[in-house]
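One structure is given below, encoded as structure tokens.
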Amino acid sequence: MVKSLSEEHVRKVGSRSVLIKNIIELWGHGSTYSELNKSLRETNKDIMAPHLVKEKSFKFELDAFNKKVIQSYKLDRFESFPRDVLAFQGEVNLRNPDETYFLLEDYGPFGSQAPDNPLYIYFGRQISEGQRDAIRRYTLQSRKFIANTSMDAGLSLLMANIAQVKKDDLVMDPFVGTGSLLVACAHHGAYVMGTDINYLLLHAKGKPSRAKQEKRESDESIQANLCQYGLGDYYLDAVVGDASKHHMWRQQPMFDAIITDPPYGVREKAKKVGTDVGDVKLTDDHKIGHVPQKVDYHLGQIFKDLLNFAAKFLHLGGRLVYWFPVYRRGYKEENIPTHPCLCRVANCEQVLNCRISRRLITMEKVQPFEKIHESDNAQVEVDHYEEASFRQMYFHPRRSKEGDANDQVENGEGVEEANLVDKIATTSLAENG
Numbered sequence: 021m022v023k024s025l026s027e028e029h030v031r032k033v034g035s036r037s038v039l040i041k042n043i044i045e046l047w048g049h050g051s052t053y054s055e056l057n058k059s060l061r062e063t064n065k066d067i068m069a070p071h072l073v074k075e076k077s078f079k080f081e082l083d084a085f086n087k088k089v090i091q092s093y094k095l096d097r098f099e100s101f102p103r104d105v106l107a108f109q110g111e112v113n114l115r116n117p118d119e120t121y122f123l124l125e126d127y128g129p130f131g132s133q134a135p136d137n138p139l140y141i142y143f144g145r146q147i148s149e150g151q152r153d154a155i156r157r158y159t160l161q162s163r164k165f166i167a168n169t170s171m172d173a174g175l176s177l178l179m180a181n182i183a184q185v186k187k188d189d190l191v192m193d194p195f196v197g198t199g200s201l202l203v204a205c206a207h208h209g210a211y212v213m214g215t216d217i218n219y220l221l222l223h224a225k226g227k228p229s230r231a232k233q234e235k236r237e238s239d240e241s242i243q244a245n246l247c248q249y250g251l252g253d254y255y256l257d258a259v260v261g262d263a264s265k266h267h268m269w270r271q272q273p274m275f276d277a278i279i280t281d282p283p284y285g286v287r288e289k290a291k292k293v294g295t296d297v298g299d300v301k302l303t304d305d306h307k308i309g310h311v312p313q314k315v316d317y318h319l320g321q322i323f324k325d326l327l328n329f330a331a332k333f334l335h336l337g338g339r340l341v342y343w344f345p346v347y348r349r350g351y352k353e354e355n356i357p358t359h360p361c362l363c364r365v366a367n368c369e370q371v372l373n374c375r376i377s378r379r380l381i382t383m384e385k386v387q388p389f390e391k392i393h394e395s396d397n398a399q400v401e402v403d404h405y406e407e408a409s410f411r412q413m414y415f416h417p418r419r420s421k422e423g424d425a426n427d428q429v430e431n432g433e434g435v436e437e438a439n440l441v442d443k444i445a446t447t448s449l450a451e452n453g
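First residue of the sequence shown: 21, per our numbering; consecutive thereafter.
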């Protein structure tokens, strides 16, 4: 229950949120229907009266949490409302009503055996719906161009909200992949662009990710994804480039938000341009058609470079939103990188399994990059990936961290369970290419 919000503010929240299903103005509640009816009679009539008039059509909805109820039960519940309080004068309209009223029955924790009667009951008028339809609209199942690591629509829209993306913003994704995050930002009217070091992926070459699809279509691209949803005008471009090479950009703030999901080295290898044999100078003849050599890109360094990039190229007040994968038992707050120009706003966890999760980090630029010393770049107090790569943590946790086998026994986690988790994770990755 949320108090002291105007209806205007509530509608604004509903117009953006993809996690909210409905926002309802609470008229009455109780642990039984007798208590609910008593609560309705005690509600200020001035709140209800403007919506019960003859000019407004209406319909009822019943949502039962943790239990399925039949239609006849719903009708009986609606008929039990106190007619002296809820004196509806308008017509019933099930398709396009002016007002929708919700009866919510709570049958206890999900997964438990539902009791015969609800534990608590709520009734009220719907003020706004959330944007759950946007998740269905942008689902990856019907997306033109996807890959193994394409971010699903719900999380993409969530990241756009956390970054406070709005109309006419300029948004950047340094690890753009197939552009899922660009689609979510363009949905809110932002102009979008990105970079990726993978030439074959950006040009839709190589093996497709969809089952039973033998080869990529000739028109698969990030631009095709945005055009598919009528958002093509918001697409600027995608550059084949190394996110760690900041000198290729004009050295000034230019982005309102940077939203990204760097490669973790599990499904996609983390690479950057470089060589293991020292500095190499190319002749002019060799530069023609030259494909730069790549080396492994340490995950800890990826995040340092990302924060340095955001500090240089975000406008003041702009936000950086990115995923940070962790081995849950070894995670500490000190693992999250910091930068003097950036203030951490939020750190949320998405649990992936009993061992692995990823943190959704939100940072806001609070100081111009020019005001700090050149040596004051991104720092990490404790490197989460110093002892082992995230890939090793993902597939071989007992090898990558000392003492984990003993910890599992002490915490009641058998070796067989850990082996099963590894097998499931490996099978899942294989099924997804």
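Glycine is no exception: its CB is placed at the ideal position from the N, C-alpha and C atoms.
Contact between I43 and I141 does not hold, since their C-beta atoms are separated by about 18 Å, which reaches or exceeds 8 Å. Of V89, P283, K79 and A183, the smallest CA-CA separation from S409 is found for P283. Shortest Cα-Cα distance from H207 to any of S24, A69 and N245 involves N245.
Three or more Cβ pairs closer than 8 Å define a contact, and the segment 321-336 meets that threshold against the segment 391-400.
By the 16-neighbour rule on beta-carbons within 10 angstroms, Q370 is exposed. The C-alpha of N86 lies about 7 Å from the C-alpha of G128. With fewer than 16 other CB atoms across the displayed protein chains lying within 10 angstroms of its CB, G252 is exposed. Straight-line spacing of the CA atoms in F165 and D216 works out to 15 Å. Apart from sequence neighbours up to five positions away, no residue of its chain approaches N64 with a beta-carbon distance below 6 Å. Under the three-pair Cβ rule at 8 Å, the segment 401-408 counts as touching the segment 349-366. The Cβ atoms of G199 and F275 do not sit closer than 9 Å to each other. As DSSP reads the structure, T358 sits in a beta bridge with Q399. In the three-state reduction of the DSSP assignment, K352 falls in the coil class, being assigned neither a helical nor a strand state.
By the 16-neighbour rule on beta-carbons within 10 angstroms, R97 is buried.
In this structure the segment 248-267 does not touch the segment 175-185; the number of beta carbon pairs closer than 8 Å is below three.
When beta bridges are read from the DSSP output, W343 appears opposite L380.
Around L124, the same chain offers D83 and Y142 as residues with beta carbons nearer than 6 Å, after the five sequence neighbours per side are excluded. Residue pairing for Q370: DSSP places it in a beta bridge opposite R378.
Taking a 10 Å sphere around the C-beta of R163, we find 16 or more other C-beta atoms and assign the residue as buried.
According to DSSP, residue pairing for Y255 in a beta bridge involves V212. Apart from sequence neighbours up to five positions away, the residues of its chain that approach M21 with a beta-carbon distance below 7 Å are L46, ordered along the chain.
Less than 9 Å divides the Cβ of Y342 from the Cβ of L380.
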